[in-house]
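Chains as they are written, first to last, in our numbering: chain A, 1 to 210; chain B, 211 to 420; chain C, 421 to 754; chain D, 755 to 1088.
In this text, a Cβ means the ideal position worked out from N, Cα and C, and glycines have one as well.
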Amino acid sequence: METLSKKDFQAIFSALKSMSESQKEYLIGLDSVMGDGDLGLTMAAVFKSASEFAAEYADDEIGSLVMKAGITMAKAAPSTMGTLMATGFMRAGKALKGKDTVNAADMADFWRAFTDGIAERGKSKVGEKTIIDALEPAARVLAEQASSGASLKDAMAAAKDAAFAGVEATKDMVAQHGRAAYYQEKSRTAQDPGATVGAMVIQVFADYVA
Amino acid sequence: METLSKKDFQAIFSALKSMSESQKEYLIGLDSVMGDGDLGLTMAAVFKSASEFAAEYADDEIGSLVMKAGITMAKAAPSTMGTLMATGFMRAGKALKGKDTVNAADMADFWRAFTDGIAERGKSKVGEKTIIDALEPAARVLAEQASSGASLKDAMAAAKDAAFAGVEATKDMVAQHGRAAYYQEKSRTAQDPGATVGAMVIQVFADYVA
Amino acid sequence: MKKFLNKPETFVDDMIRGIMAAHPDKLTYVNDDLRCVVTAKVKKGKVGLATGGGSGHLPLFLGYVGDGILDGCSVGGVFQSPSAEQMLEVTKAIDSGAGVLYIYGNYGGDIMNFDMAAEMADMEDIRVEQVVAGEDVASSKKGEEHKRRGVAGIFFVYKVAGACAAAMKDLDEVKRVAMKACDNVRTMGVALSPCIVPEVGKPSFSIGEGEMEIGMGIHGEPGIERGPLKSADEVVKQMLDAILADLPYVKGDEVAVLVNGLGATPKEELYIMYRKVDEMLKEHGIKVFHVYVGEFATSMEMSGASITLLKLDDELKTYLSMPANTPFFEQVQL
Amino acid sequence: MKKFLNKPETFVDDMIRGIMAAHPDKLTYVNDDLRCVVTAKVKKGKVGLATGGGSGHLPLFLGYVGDGILDGCSVGGVFQSPSAEQMLEVTKAIDSGAGVLYIYGNYGGDIMNFDMAAEMADMEDIRVEQVVAGEDVASSKKGEEHKRRGVAGIFFVYKVAGACAAAMKDLDEVKRVAMKACDNVRTMGVALSPCIVPEVGKPSFSIGEGEMEIGMGIHGEPGIERGPLKSADEVVKQMLDAILADLPYVKGDEVAVLVNGLGATPKEELYIMYRKVDEMLKEHGIKVFHVYVGEFATSMEMSGASITLLKLDDELKTYLSMPANTPFFEQVQL
Ligand SMILES: Nc1ncnc2c1ncn2[C@@H]1O[C@H](COP(=O)(O)OP(=O)(O)O)[C@@H](O)[C@H]1O
Ligand SMILES: Nc1ncnc2c1ncn2[C@@H]1O[C@H](COP(=O)(O)OP(=O)(O)O)[C@@H](O)[C@H]1O
Ligand SMILES: [Mg+2]
Ligand SMILES: [Mg+2]
Ligand SMILES: [Mg+2]
Ligand SMILES: [Mg+2]
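Dropping the structure here:
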């Protein structure tokens, strides 16, 4: 599968919904360590609404499908990750504006816009124990892979590995944002829930094109 | 001494001042049991100002001397007994209006007006553990003595005894007014400080005419 | 005792100095006595309105001195009556020939001193009339209304009497309107925690964790029921049922409502209470003309609230609606 | 936890229901969502002013929606940001063609969501500008003003921007005036006791008996000094010295002052504090244009206070002086 169509994106949103449902309790647990424990709930709500929206989407253009799915997410859940995830999809959608198909290079653009959008909205950067620690390495790897002509499948697989490596790396970072930041040095050893979700979302894409 | 002149009243106010100074600590102690302990201070302040006012008083009319001494007292001390004592003298002064001399019958009018004024202002009556329990029996005895033609000296001596008997009686009353009333049944065995002061004031008059 | 103060003895005077410094265009004092507070602009020919009472209840009492309400206030120590002399000085300062009306709460010391002040004012040929506000239905049973404590409801009496005086009515008329407000106002309060008188330094009473006292007075006077803290809706129902039954307020009546915080209770909770008040009044077919929510009569940092209803007729509505402007209370024409 | 509430989960919605019931002529909500609060009378052609933030700070934030100030407010859970979606709905409701200005405090969640809302509004062709208020000098050192928390000083930003919009100025002009206020305002706070988030049920931090924390944030963010509670004059001096040095405010400046109570602290104490503020400003040759004392930004039943100075020029004076009228804040023309 070298290019994705609108139908594929509809399927991906549906897979994101399934993933968020099956991972709900796990994410609640992660977010309960130094957060308010709502992450599993908000992700399930966010992807449920996005998947329902995508399933009904009539047009063939992928850009606006993704962007409007992002808007839908924003309305579904008010917590930090709800807003950030919505931002990511809105920005990624804008990057794909006008496209009816998505190849590896487009996918690299997608995740670059996704990542930069979240970094901008969250005023966060690599090393601050957030979702950016999963997204940034993945976006960078994807860009490299795409420019060296890798297949969509291989590029996404590499991106997924980079994202999970990023999640691992959060286990030695002090939180700079959100509730976990109140814990300061004590937050160091915890795995960041937002980064985890970020990697899981990338994995859904990677698994779909595999 | 069958009639009192303005000079006598000036002397009586001076004697009230001396009495209130010598009894200061005793009254503070009494008012500390179930009150705020200020009674010794307020009585000293009240009679100091009244005596200073009386000493300077030029006219011969006793009524307005007494009434204005009362007003002076009101300005000197804001606590309950300050106001009540001031009221007593103001009303007694009004009762003596126009008089340059005071006989036994006038003295009976004085204490009747004094007592009624306080009862009216304090909305209090006999048996409620207040200064009225000293004043009312004294005023009643004075009226009887005066109408049966007793001398001023004998009448005041009888009034003094009645007042102190009234003070004794407060040792078996439950306080209905002021701070002591918060103690309800627990207030019963205490001697009422206000009644005590009332009897002491009458005693000053009785001692002067003796 | 955790309070911002310098010395307990200077608590009241420091407070008044702060008030005078903050609002020099609106308030001043007479007789070189900080505790004789009067409006900065006495209006010629208007009936003067004076109040007074102990400190610790801001905005009561001095907070209602200003345009369209009161003209003067004598200020006592915390929970203590001011002196008759102070009341007299205020009276002299605010009388401009039309006489003065005293409006104050039903407390022994205040009554005694205002009576005395009225007597002294009379000697100075100032005509004084008095209205004593007492509307706490928990403080005395029906039939003994004259024994009831005056609490937050006095605000309504000030407001309508003040507007009536501002309309240049004469003393008898202002007194009549004030008494009409007194007759038509009812309050009930609930306390969750005590407060501390600075010179005492510790709470004068205690309420257990998880307990409330319905009907408690603003100086800690005993209420009618102490028990476990119930839900806001249940607390309001108990209070409002008692108020409604007392006047009684009936279907078709039109009222103004005051939900008053005693000090520490946040506005969030007062509005949660009002939600239920509104629901119940609708159920009873009682129309709401205007709603006041906030701190109108407090006990320093006591936590708790009171609910007051004022039954209105056209006259009271007119006076309630008129503007007022003090450092503590501003209202534009309703 | 001693609070008047029904269920912790319904705390915010019950509160808003109470507010809507009490002030139906002034406030309403859009999108069938109680938490999208807007003025009952949107003025055609006027720049719309929106704010938003967590609950638990009344009169912040929704209390400043009304004539002459703000037009709309999105309301979050206690100490939680409202959603971008709610902000967008408010934006749509109050835009009447002249665009909308967001004014809100410098908190991560709020910023993220307002940014998002602005982006969404842009997609709907509504022009939105943003001003983030942050003036707590204790929350970040000089040179890092952009990191400072927004606290009670945001009231001044609302007030002047609101008056500017009411004067029918355009969006750029209203934004400029709001930013000018931001540049000229400084706040410092002190806390004596914590508060309880209803859904949590216990205090999120503690301050020892006899202790105070200078610079603590209104959600309990750490301050700059914890130590024994000092006298009111000493506390004020420490706070005001820091404020004066920061801008710096200098001799000849003219300021408006806000002494704000955090919830449980009575007005008596706020005025005791103001007494010292006034004395110090006089010593520094700084002129006081107007003084506000009361609860303008709270943390439910937290006890504590903050002091805010706004340095004025003629333009800010004009806008500060204009009337305003909301259910929580009334001001006649100064
Ligand atoms: N400013 C930020 N920028 C990027 N990511 C952030 C930021 N703040 C928080 N996050 C991410 O959000 C995650 C928590 O999300 P969520 O549970 O929705 O937060 P909350 O419930 O506190 O609103 C964190 O683990 C972190 O990865
Ligand atoms: N309503 C009243 N009528 C008559 N006497 C009263 C009344 N209330 C209090 N008293 C008297 O006042 C005395 C206390 O006086 P004082 O110490 O001046 O009171 P406080 O310090 O509480 O103002 C009481 O012992 C009682 O005799
Ligand atoms: Mg969370
Ligand atoms: Mg959350
Ligand atoms: Mg005493
Ligand atoms: Mg006393």
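Quick check on the DSSP output: the beta strand (DSSP E) that includes residue i runs from which residue to which?
i, result
"A/P193", "Looking at the DSSP string, A/P193 is not in any beta strand (DSSP E); the run it does join, the alpha helix (DSSP H), is 193–209."
"D/E1043", "First, the residue type needs correcting, since residue 1043 of chain D is Phe and not Glu in the sequence shown. Start and end: 1041–1048."
"D/K1065", "1057–1065"
"C/M720", "Careful: C/M720 lies outside any beta strand (DSSP E) and carries neither H nor E."
"C/C493", "492–498"
"C/L447", "447–449"
"C/L411", "The requested residue 411 of chain C does not occur in the structure, where chain C is confined to residues 421 to 754."
"D/V882", "882–887"
"A/A92", "Segment 80–95 is the alpha helix (DSSP H) holding A/A92; no beta strand (DSSP E) there."
Assuming residue i is part of the alpha helix (DSSP H), what are its boundary residues?
i, result
"C/F575", "574–586"
"B/Q386", "Element bounds for B/Q386: n/a, residue is neither H nor E."
"C/Y739", "734–741"
"A/P137", "132–147"
"A/L49", "At residue 49 of chain A the sequence reads Ser, which differs from the Leu that was named. Looking at the DSSP string, the run of the alpha helix (DSSP H) that includes A/S49 is 39–56."
"C/E509", "504–514"
"D/R1029", "1021–1037"
"B/I272", "272–286"
"D/G964", "First-last for D/G964: undefined, no H or E at that position."
Measuring only from the beta carbon, is residue i closer than 7 Å to any heavy atom that is part of ligand 2?
i, result
"D/H973", "no"
"B/G292", "yes"
"B/A405", "yes"
"B/I328", "yes"
"B/T325", "no"
"B/T297", "no"
"B/H387", "yes"
"B/I341", "yes"
"B/T399", "no"
Is DSSP giving residue i helix, strand or coil here?
i, result
"B/G327", "helix"
"B/D371", "helix"
"C/L521", "strand"
"C/V458", "strand"
"D/L803", "strand"
"D/V931", "helix"
"C/P648", "strand"
"C/G528", "helix"
"C/A662", "helix"
"A/R188", "coil"
"B/T213", "coil"
"A/Q10", "helix"
"D/R771", "helix"
Is the beta carbon of residue i within less than 7 Å of some heavy atom of ligand 1?
i, result
"D/H900", "no"
"A/A180", "yes"
"A/S124", "yes"
"D/G862", "yes"
"C/T746", "no"
"D/I857", "no"
Q. Around ligand 5, which residues pass a check of Cβ closer than 6 Å to any of its heavy atoms?
A. Ordered along the chain, residues surrounding ligand 5 are B/D241, B/G245, B/D246, B/D248, B/L249, B/S289 [Cβ under 6 Å from any heavy atom].
Q: Can you give me, in chain order, the residues of the region 40–74 of chain A that have a beta carbon less than 9 Å from any beta carbon in chain D?
A: Under the 9 Å Cβ criterion, the region 40–74 of chain A contributes M67, I71, A74.
Q: Could you please tell me which residues of the region 109–123 of chain A, in chain order, have their CB closer than 7 Å to any CB of chain D?
A: R121, G122
Q.
At a CB distance below 7 Å, what residues from the region 1056–1088 of chain D approach chain C? Give them in sequence order.
A. S1057, A1059, N1079, E1084, Q1085, V1086
Q) Which residues, in order along the region 860–879 of chain D, keep a beta-carbon less than 9 Å from a beta-carbon of chain A? A) G862, G863, I865, M866, N867, D869, M870, A871, E873, M874, M877
Q.
Output needed in chain order: residues of the region 688–720 of chain C with a Cβ under 7 Å from some Cβ in chain D.
A. E688, E689, Y691, I692, M693, Y694, R695, D698, V711, V713, T718, M720
Q. Taking any Cβ of chain C, which residues in the region 945–958 of chain D have a Cβ under 7 Å from it, in chain order?
A. L946, S947
(Q) Along the region 806–838 of chain D, where does the CB come closer than 8 Å to a CB of chain A? Name the residues. (A) G830, Q834, S835, P836, S837, A838
Q: Quick one: which residues of the region 660–684 of chain C get their C-beta closer than 9 Å to a C-beta of chain D? List them in chain order.
A: V677, V679, G683, A684
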